[in-house]
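Numbering-wise, the sequence shown is residues 476 to 744 according to my numbering. Heads up: the structure comes next, in structure tokens.
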Amino acid sequence: MRKTLAVIMATLILLSVGCASANVTVGVERAQVGELQRETQVVELSRVADLGDGQELRVEIMMGAGDLTVEGDADELLEAEFAYNIADWKPQVELLDDRLSIRQPPSRHVPFNERVRYEWDLNFNATAPLLFRADIGAGNGILNLGSLHVRTVDLKLGAGDMEVDLTDNRTLERLDADLGAGTCMLDLRGAWEKTVDVNVSGGIGETTIYLPENMGVRVRIDKGLGSVETRGLHREGNDFVNDLYGESEATLYLNIQAGIGQITLIGAE
Numbered sequence: 476m477r478k479t480l481a482v483i484m485a486t487l488i489l490l491s492v493g494c495a496s497a498n499v500t501v502g503v504e505r506a507q508v509g510e511l512q513r514e515t516q517v518v519e520l521s522r523v524a525d526l527g528d529g530q531e532l533r534v535e536i537m538m539g540a541g542d543l544t545v546e547g548d549a550d551e552l553l554e555a556e557f558a559y560n561i562a563d564w565k566p567q568v569e570l571l572d573d574r575l576s577i578r579q580p581p582s583r584h585v586p587f588n589e590r591v592r593y594e595w596d597l598n599f600n601a602t603a604p605l606l607f608r609a610d611i612g613a614g615n616g617i618l619n620l621g622s623l624h625v626r627t628v629d630l631k632l633g634a635g636d637m638e639v640d641l642t643d644n645r646t647l648e649r650l651d652a653d654l655g656a657g658t659c660m661l662d663l664r665g666a667w668e669k670t671v672d673v674n675v676s677g678g679i680g681e682t683t684i685y686l687p688e689n690m691g692v693r694v695r696i697d698k699g700l701g702s703v704e705t706r707g708l709h710r711e712g713n714d715f716v717n718d719l720y721g722e723s724e725a726t727l728y729l730n731i732q733a734g735i736g737q738i739t740l741i742g743a744e
């Protein structure tokens, strides 16, 4: 019963707050759950060989509801595994010029059934420079971005549980995360030698952010009705900083607009 209610709740949230971004059409019909389909799609690395020096590939992931995994050790540009049992939800993969999109297609079909399966396993090449964007209406995700050559990351998360891991990443310059309901773990323990800007807009869930230990950190919080807990940081004026702030060559600047949920910041102790 709980699982069915979770599916219905996720779908209602998706329809109410994620329609435009998640590419879902209002005027719903009951989805027909069929046999589980599994398919593999590969985008060859040679197809972006014409990108010039200093150019990045724009990656756009648009999922209405489901389970998403992202890794960074593919030989080709993208090696994707999909599993789904609603025929109308066959994922769409398209590479056009400097833009690679992976999308859930528009659909009026809504699942009121705990048997629904919708799973994406996306494995990207670690050497291709990326501008990474993921827009997820409802579901669960594990985004292992540490090994990816990402310069910017833009996340919009609706409802569900999400892990975003940038451990040991060396290329990130900017991250923007718009969080909704559910839980989110954001690991920012990268190996950056340049300044990184991170902007987090909190929703109504629980968010835990791990901060780097080898560079200065400054956190500025615009607090809403929620709560913010800090570890390994001390107050400096209206901000929170770590012991390396002002001493290291690179700094992570974290700006938080807290919603009505809970945010926990964990630095070196």
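Note that the Cβ used here is the ideal one computed from N, Cα and C, for glycine as well.
Review point. Using 8 Å as the threshold, is the segment 644-656 in touch with the segment 623-633, meaning 3 or more CB pairs across them?
Key: yes
Check your understanding: Would you call Q579 buried or exposed, if buried means 16 or more other Cβ atoms sit within 10 Å of its Cβ?
Key -> Here residue 579 refers to the residue found at position 104 when the sequence shown is read from its first residue. Classification of Q579: buried, given that the 10 Å Cβ count is 16 or more.
Review point. For H624, does the count of other Cβ atoms within 10 angstroms reach 16, so buried, or fall short, so exposed?
Key: For the purposes of this step, residue 624 is taken as residue 149 along the sequence shown, with counting starting at 1. Classification of H624: buried, given that the 10 Å Cβ count is 16 or more.
Review point. Taking only runs of the beta strand (DSSP E) that begin and end inside the segment 563-613, which ones reach a length of at least 3 residues, in chain order?
Key: 567-571, 574-578 and 593-599
**Study point:** Secondary structure of V523, DSSP reduced to three states
**Key:** Here residue 523 refers to the residue found at position 48 when the sequence shown is read from its first residue. DSSP places V523 in helix when its eight states are reduced to three.
Check your understanding: How close, in whole Å, do the beta carbons of E648 and V671 come, if the pair is a contact with beta carbons under 8 Å?
Key -> To locate residue 648, count along the sequence shown from 1; it is residue 173. To locate residue 671, count along the sequence shown from 1; it is residue 196. Indeed, because the Cβ distance is near 6 Å, the residues count as touching under 8 Å.
Exercise for review: May I ask which residues mark the beginning and end of the beta strand (DSSP E) holding Q512?
Suggested key: In the sequence shown, the residue the question calls residue 512 occupies position 37. First-last of the beta strand (DSSP E) with Q512: Q512 to V518.
Point to revise | Rounded C-alpha distance that separates C494 from G529 | key: Reading the sequence shown from its first residue, position 19 is the one you call residue 494. Reading the sequence shown from its first residue, position 54 is the one you call residue 529. At C494, the pLDDT of 43 sits below 50, so the modelled position is not reliable and the matter cannot be decided from this model.
Point to revise | Option in D636, R645 and G691 with minimal Cα separation from S622 | key: Along the sequence shown, read from residue 1 onward, the residue named residue 622 stands at position 147. Selected option, being the one with the closest Cα: R645.
Review point. By Cβ distance below 6 Å, which residues in the same chain neighbour A725 in space, the five residues on each side in sequence not counted?
Key: By 1-based counting over the sequence shown, the position of residue 725 is 250. The answer, listed in chain order, is W667, E668, K669, T670 and M690.
Practice item. With a 10 Å radius around its C-beta and 16 neighbouring C-beta atoms as the bar for buried, classify A524 as buried or exposed. Key: Your numbering for residue 524 matches position 49 in the sequence shown. Classification for A524: exposed.
Review point. Do M660 and E638 come within 8 Å of each other at the CB atom, strictly closer than that value?
Key: The residue labelled residue 638 in the question sits at position 163 within the sequence shown. The residue labelled residue 660 in the question sits at position 185 within the sequence shown. The answer is yes: Cβ separation under 8 Å.
Check your understanding: When the Cα of E556 is compared with those of Y593, P581 and D563, which residue comes out closest?
Key -> For the purposes of this step, residue 556 is taken as the residue at position 81 of the sequence shown. Of the candidates Y593, P581 and D563, the one whose C-alpha sits nearest the C-alpha of E556 is Y593.
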